[in-house]
Amino acid sequence: RLTTALALVGLNEDRGVFGPCPTPHAQVPLRVNRLLAPVERLTAGRRIRLTAAAALVPVVPVFVAFVPGLRALG
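Here the numbering used here is used: the first residue of the sequence shown is 3, the next is one more, and so on.
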């Protein structure tokens with residue numbers, strides 16, 4: 003991953019992607035660390051809510067299929 007990050011920095015420096023900088027070699031470690039930093043994860047509460055919502059998704063077609071039949075019987 004370090005090699006990939008260094009290659010990306012090298013390719014994008016000439017295009018001005020990282021903006022103007024007086025000494026590009028002094029900032030390479032900071033840029034590489036930023037590229038290698040892990041992405042932010044969801045909080046535990048948000049993961050639980052997302053899992054609960056995803057668990058309810060398969061139930062929707064069952065309700066759509068059976069509710070009219072149950073109303074006809076009732």
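Glycine included, each C-beta is placed from N, C-alpha and C at the ideal position.
- Extent of the continuous alpha helix (DSSP H) run through residue 42: Position 40 of the sequence shown holds residue 42. Careful: residue 42 lies outside any alpha helix (DSSP H) and carries neither H nor E.
- Message: To the nearest angstrom, how far is the alpha carbon of residue 44 from that of residue 54?
- Response: For this step, residue 44 is matched to residue 42 along the sequence shown. For this step, residue 54 is matched to residue 52 along the sequence shown. About 14 Å.
- Query: For the candidate residues 50, 11 and 56, whose alpha-carbon lies nearest to that of residue 35?
  - Reply: Position 33 of the sequence shown, counted from the start, is the residue given in the question as residue 35. It is 11 whose Cα lies nearest to the Cα of residue 35.
- State the DSSP-derived secondary structure class of residue 9, mapped to helix, strand or coil. For the purposes of this step, residue 9 is taken as the residue at position 7 of the sequence shown. Secondary structure of residue 9 (DSSP, three-state): helix.
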